[in-house]
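Protein sequences, first through last, are from chains A and B. Note that the numbering used here has the first sequence beginning at 270, numbered continuously upward. Note that the numbering used here has the second sequence beginning at 270, numbered continuously upward. Heads up, the beta-carbon is just placed ideally off N, CA and C, and yes, glycines get one too. To keep things clear, I will list the structure first and then write my remarks on it.
Number of protein chains: 2
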Amino acid sequence: MATDELLHRALELLGDDPLSVEAIQRVTDPGALAESMTIAEVAELLDVSAHTLRYYERAGLVEVSRDALGHRVYDPAAVRRLVFLTRMRLSGMPMRDLQHYIALADAGDDTVPERLDMLIEHRDTLRRRIRELTLSLAATEFKIATYGGRAAPDAVDAESSE
Amino acid sequence: MATDELLHRALELLGDDPLSVEAIQRVTDPGALAESMTIAEVAELLDVSAHTLRYYERAGLVEVSRDALGHRVYDPAAVRRLVFLTRMRLSGMPMRDLQHYIALADAGDDTVPERLDMLIEHRDTLRRRIRELTLSLAATEFKIATYGGRAAPDAVDAESSE
DNA sequence: CTACGGGTTCGAGCGCGCTCGAACGCAAAC
DNA sequence: GTTTGCGTTCGAGCGCGCTCGAACCCGTAG
């Protein structure tokens, strides 16, 4: 099916980078979550600070219950949501949009089309951004080549001599 | 030579997107700059505000001379530098680093190795970032597929039902 | 008993990169 | 001669996403 193809394509693009493999596992292996987690555990898992997790909660992005001591208890649903949220943040989706998205998600299935629209827009944003960065990468490599290789002295002026 | 290969690769990746073609031209066709430009012209060319150009000047990133009226006159060297600077900014290099880089550039050829180091580090940062975004793109496409296609209802739980 | 480690709430502060407003200058158009 | 338009300087303000400090609570180890 199409989704397998997508993941396969992603894996192709990512190669064997261990960090990426770990990250892909977070996509493909969501069942491996502990029954419940402390804030420190979640922070470690997602590579964010406990401060940030509390901030996300304050921002209304996720609800977290407390134990008898008043300490946060992250259930698997909360953790999965935070996995999603941190990925979206990492890829540049603004807090505002995430707050909107989460409000929609909490409003029920009727909002699926609008959520889909948001995801599609984000997908397009990501594609544009990747193109931009790819272009900048090419320009940077070009500059490194003219600088380091000294292979094309007549091309050095391509962007002046900074 | 190697630099041609890099640009060729970039063009392959970019396809026929008009915006990208325009951008590539900014890399490959630096000779087409007017003798001197006003702040409004440069702002338009680089798609930034005049405010931002003045800000960059204040930040020490570029020196710009004035005409008899005190208005800024951007000569080709300044424009080329700003092309470079805006591309670096667009690709996420912090102002701090650009200030350092420019200080090195202004200090003469002895600083070429350090500038090269900075470019190489930036290149690596870009590669990592592109990988991250590619991963997020795959995850987003995956989610769109499970949402929109309804093709894999048993996979919907991959990231809960946000 | 006390110290320590990890949690809590609250509000304030920060670093970044602009972005804007106020007050002004000059020149060409009406 | 005044209005319009584009420019100038200066310093303040803003939006974003955290990040931090203070004061406090609790359970366990030494």
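Problem set entry | Residues bridged to S334 of chain A [DSSP beta-bridge criterion] | Here S334 of chain A is bridged, per DSSP, to A:V342.
Exercise. Going by the beta-carbon positions, is the gap between L395 of chain B and T409 of chain A smaller than 8 Å?
Worked result: Yes; because the gap between Cβ atoms is below 8 Å, this pair is in contact.
Problem set entry | Cut-off 8 Å between Cβ atoms - residues of its own chain near A374 of chain B, not counting five sequence neighbours on either side | Residues T380 and R384 of the same chain have their beta carbon placed closer than 8 Å to that of A374 of chain B, with the five preceding and five following residues left out of the count.
For this session: Could you tell me the boundaries of the alpha helix (DSSP H) in which A408 of chain B lies?
Result: Taken as a continuous stretch (DSSP letters only), the alpha helix (DSSP H) holding A408 of chain B covers V381 to I413.
Problem set entry | M362 of chain B - DSSP class collapsed to helix/strand/coil | Coil at M362 of chain B, not helix or strand.
Exercise. Counting only beta-carbon atoms, is A408 of chain A nearer than 8 Å to chain B?
Worked result: With 8 Å as the cut-off, A408 of chain A counts as an interface residue toward chain B.
Exercise. For V317 of chain B and chain A, any beta-carbon pair shorter than 8 Å?
Worked result: Interface with chain A (8 Å Cβ-Cβ cutoff): V317 of chain B is excluded.
Exercise. For V348 of chain B, which of B:Y325, B:G339, B:S405 and B:D386 has the nearest alpha-carbon?
Worked result: Among B:Y325, B:G339, B:S405 and B:D386, the Cα nearest to that of V348 of chain B belongs to B:Y325.
Problem set entry | Separation of A337 of chain A from E351 of chain B, as counted between CA atoms | Looking at the sequence shown, residue 351 of chain B is not Glu but Leu. The alpha-carbon atoms of L351 of chain B and A337 of chain A are separated by roughly 59 Å.
Exercise. Short check: CB of L402 of chain A to CB of I389 of chain B, under 8 Å?
Worked result: No, they are not a contact pair.
For this session: Within 10 angstroms of the Cβ of A309 of chain B, are there 16 or more other Cβ atoms? Answer buried if so, exposed if not.
Result: Residue environment: A309 of chain B is assigned as exposed (fewer than 16 neighbouring CB atoms within 10 Å of its CB, all protein chains considered).
Exercise. Looking at M387 of chain B and Y343 of chain B, is the spacing between their C-beta atoms short of 8 Å?
Worked result: No, Cβ-Cβ distance for Y343 of chain B and M387 of chain B is not below 8 Å.
Exercise. So is R358 of chain B buried or exposed if we call it buried at 16+ other beta carbons inside 10 Å?
Worked result: Only buried fits R358 of chain B, as 16 or more other CB atoms lie within 10 angstroms of its CB.
Problem set entry | Cutoff 8 Å: E332 of chain A Cβ touching any chain B Cβ | Contact with chain B is absent for E332 of chain A, since none of that chain's Cβ atoms lies less than 8 Å from the residue's Cβ.
Problem set entry | Element boundaries [alpha helix (DSSP H), containing Y416 of chain B] | DSSP places Y416 of chain B outside any alpha helix (DSSP H), giving it a letter other than H or E.
For this session: Tell me, please, whether the CB atom of E326 of chain A is closer than 8 Å to any CB atom in chain B?
Result: Taking CB atoms only, E326 of chain A has no neighbour in chain B less than 8 Å away.
For this session: Name the one or two DSSP bridge partners that M306 of chain B has.
Result: Paired residues: B:Y343.
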